[in-house]
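Report on the structure given below.
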Amino acid sequence: MDFTISPRIEDYRARIARFVEDEILPIEEMREAYDDHGNIRLDWLEPLRDKARAEGLWCLQLAPETGGAGLGKVGMAVCYEEMNRSIFGPAVFNSAAPDDGNMMVLEQAGTEAQKERWLKPIAEGEVRSAFAMTEPHPGSGSDPSMMLTTAKRDGDKYVIQGRKWFITGAGEAQHFILMAKTSDDPRRGLTAFLFDRAQSGWRIDRRIPIMGPEEHGGHCEMVFEGLEIPAENMLLEEGRGLKITQMRLGPARLTHCMRWLGLAKRSVEIATTYANERFAFGQRLSKRESVQMMLGGLAMDIEVGRLLVMKAAWELDQGSYARKEVSMAKVHVANLLHRAADIAIQINGARGYSTDTPLEWIYRYARQARLVDGADEVHKMVLSRRLEEEGREFWSWA
Ligand SMILES: Cc1cc2nc3c(=O)[nH]c(=O)nc-3n(C[C@H](O)[C@H](O)[C@H](O)COP(=O)(O)OP(=O)(O)OC[C@H]3O[C@@H](n4cnc5c(N)ncnc54)[C@H](O)[C@@H]3O)c2cc1C
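Residue 181 in our numbering is what sits at position 172 of the sequence shown, and the numbering runs on without skipping anything.
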């Protein structure tokens, strides 16, 4: 691997960094810019999105023909990290979850007609989207084979019955990707469908209250009571739902990591600034070896995370699914983010526990990182299975 960043990617990175510094961080400091769920208010977000779009910093992850910049995953790793120096950054550049993962899978798997109908409005920022897979007990969670939501074929449409929960953004999404069971076949039993909020036969049961700040539209529990989806709104073919899940979740997990590295770096930035200016017992905090060990350790762990993310991004750009690499990056960076926020709060003392800095926001948000898109234990189980299969080849360079 060559770690040189091309001048084009570096140009995007520098422009994003400037935009975050000048346009977003000042707004992040204003309490009136926050909605009731700790996110940027939509009426504050839209003007920022317009500015980002006008500066050509919009939806960079997509191919140029879809309205993006074709950065590739390596370029995205560089840019996403920079965007998430601010907690509001990804939403401003239309690179926030779950829209970015939904857009990328629609770009990859959608027909031309599906891209026009379902992808274009998300890419243009006109609508938001959601990905509905997880179900409450006893349905599908870590194990997708436990899916209970069914799609029964009836002529040229499918009829959906079931329940999903923790569906990010569902409260405001217009376009949904829905996973449902179409047969008992263990490999070809799931199918991915597209539906629009305006369709009848489904409802939001509740917006689930959570410990952290929320994406726009929250995390919702959805009930399907006879939603009818025309067969033309199926992604790929019937029974290819697991394939869609693989196509979506691999890159989406990695884009989470790219953003979380930005938040981890921001945590260190806030802690370092305070440690440099704060005195206790006649000495600057930054001169204390115990503080140096904390900050030095975090700096090293962030760099380990970046290397794991870059390796996985590079593998994806080569056409691999990079399953091992993505799992390793996901576990490492999710835990790193949690640790970075925790240590930064400790170094900041009571200030760290206040809402005067975004540290408490990052800390509450970080806890979900070890659960979403595969809990730590599930990724480690996958890694252990691969180790068992591959033995010493697990670490092969090929
Ligand atoms: C904030 C948030 C946003 C989310 N957004 C979405 C979304 O937009 N769309 C969507 O479909 N889902 C979403 N989810 C759901 C998320 O993907 C699931 O929570 C996750 O896949 C785990 O499933 P589960 O919660 O059912 O945990 P369970 O499957 O019930 O597992 C519970 C725990 O058991 C342990 N465990 C599970 N399997 C193993 C194993 N093999 N070995 C050892 N231990 C194990 C783990 O510690 C795990 O945390 C979201 C969740 C959260 C918290």
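Glycine included, C-beta positions come from ideal geometry on N, C-alpha and C. Here the structure is a predicted model, which means the values were calculated and not measured.
Worksheet item: Relative to the alpha-carbon of P73, which residue among Y89, V101, E116, M319 has its alpha-carbon at the smallest distance?
Response: Measuring from the Cα of P73, the nearest candidate turns out to be E116.
Worksheet item: Counting along the chain, where does the alpha helix (DSSP H) carrying F185 start and finish?
Response: F185 -> not in any alpha helix (DSSP H); beta strand (DSSP E) instead, spanning 184-190.
Worksheet item: Ordered along the chain, which non-local residues of its own chain (more than five positions away) have a Cβ less than 8 Å from that of D365?
Response: Excluding its 5 nearest sequence neighbours in each direction, D365 has no C-beta neighbour in its own chain below 8 Å.
Practice prompt. Check whether the stretch 173-193 touches the stretch 227-240, counting contact only when three or more Cβ pairs, one atom from each stretch, lie closer than 8 Å.
Written response: Yes, since at least three Cβ pairs between the stretch 173-193 and the stretch 227-240 fall closer than 8 Å, the two stretches touch.
Item to complete: Report the three-state DSSP secondary structure of I354 (helix, strand or coil).
Response: The three-state reading of DSSP puts I354 in helix, counting H, G and I together.
Practice prompt. State buried or exposed for K190, treating a residue as buried only when at least 16 other CB atoms are found within 10 Å of its CB.
Written response: So K190 ends up on the buried side.
Worksheet item: For I25, which residues does DSSP report across the bridge?
Response: According to DSSP, which records beta bridges pairwise, I25 is partnered with nothing at all.
Discussion item. I'd like to know whether the C-beta atoms of L245 and A122 end up nearer to each other than 7 Å.
Written reply: Contact: no.
Worksheet item: E237 bridges to which residues according to DSSP?
Response: DSSP lists V168 as partners of E237.
Worksheet entry | L368 versus K274: straight-line alpha-carbon distance, rounded | Between L368 and K274, the C-alpha separation is close to 11 Å.
Worksheet entry | For W211, the first and last residue of its enclosing alpha helix (DSSP H) | It is not in any alpha helix (DSSP H) - W211 instead sits in the beta strand (DSSP E) that spans 211-216.
Worksheet entry | Bridge-paired residues (DSSP) for F202 | The bridge partners DSSP lists for F202 are L187, M243.
Fill in: Proximal residues to H46 (C-beta, below 7 Å), its chain only, five neighbours per side dropped
Listed in chain order, the non-local C-beta contacts of H46 below 7 Å within the same chain comprise P222, E223, G227, local neighbours out to five positions each way being set aside.
Worksheet item: Looking at C-alpha atoms only, which residue of E38, T143, W174 is the closest neighbour of R215?
Response: If we check each option's Cα against that of R215, W174 comes out closest.
Fill in: Any non-hydrogen atom of ligand 1 within 6 Å of S151 CB
Yes, ligand 1 has a heavy atom inside 6 Å of this Cβ.
Worksheet item: Any contact of the stretch 202-215 with the stretch 349-364, i.e. 3+ C-beta pairs under 8 Å?
Response: Output reads no: the stretch 349-364 does not touch the stretch 202-215.
Worksheet item: Helix, strand or coil: which one does DSSP assign to V87?
Response: In the structure shown, the three-state DSSP call for V87 is helix.
Worksheet item: Does the distance from the C-beta atom of L307 to that of V277 stay below 7 Å?
Response: In this structure, V277 lies closer than 7 Å to L307 by Cβ.
Item to complete: In the DSSP assignment, find the alpha helix (DSSP H) that holds K296 and state where it starts and stops.
Response: It is not in any alpha helix (DSSP H) - K296 carries neither H nor E in the DSSP assignment.
Worksheet item: Which one of R394, D11, E64 has the shortest CA to CA distance from A23?
Response: Of the listed residues, the one whose Cα sits closest to A23 is E64.
Worksheet item: In terms of residues, what are the limits of the alpha helix (DSSP H) holding T282?
Response: First-last of the alpha helix (DSSP H) with T282: 250-286.
Worksheet item: Thinking C-beta only, is V87 closer than 7 Å to F14?
Response: Sequence check: residue 14 is Ile here, not Phe. In this structure, V87 lies closer than 7 Å to I14 by Cβ.
Worksheet item: Who are F140's beta bridge partners in DSSP?
Response: DSSP, once it has assigned bridges, lists I186 as partnering F140.
Worksheet item: Residue range of the beta strand (DSSP E) that K413 falls in?
Response: As displayed, the chain neither begins before 10 nor continues past 407, which places residue 413 out of reach and without an answer.
Fill in: Neighbour flag for M85 against chain B, beta carbons, 7 Å
The structure shown contains no chain B, having only a single protein chain.
Practice prompt. Kindly list the residues whose CB is nearer than 8 Å to the CB of I356, restricted to its own chain and excluding five residues on each side of it in sequence; keep chain order.
Written response: Listed in chain order, the non-local C-beta contacts of I356 below 8 Å within the same chain comprise A280, Y283, A284, L294, V300, M303, L304, local neighbours out to five positions each way being set aside.
Worksheet item: To which residues of the same chain is P35 closer than 7 Å at the C-beta, ignoring the five residues directly before and after it?
Response: No residues qualify anywhere along the chain.
Worksheet item: Say the cut is 6 Å; is the CB of A26 nearer than that to a heavy atom of ligand 1?
Response: Taking 6 Å as the cut-off, one finds no heavy atom of ligand 1 near enough to the beta carbon of A26.
Discussion item. Please return the same chain residues whose Cβ sits closer than 8 Å to the Cβ of P107, not counting the five positions on each side in sequence.
Written reply: Result list for P107: S138, A139, F140, T177, G178, E224, A261, in chain order.
Item to complete: Would you mind sorting F290 into buried or exposed? The rule is 16 or more other CB atoms within 10 Å of its CB.
Response: By the 16-neighbour rule on beta-carbons within 10 angstroms, F290 is exposed.
Discussion item. Quick check on the DSSP output: the alpha helix (DSSP H) that includes R394 runs from which residue to which?
Written reply: Unbroken alpha helix (DSSP H) run through R394: 385-399.
Fill in: Closest by C-alpha distance to L270, when choosing among L57, G98, T159
Nearest option by C-alpha distance: G98.
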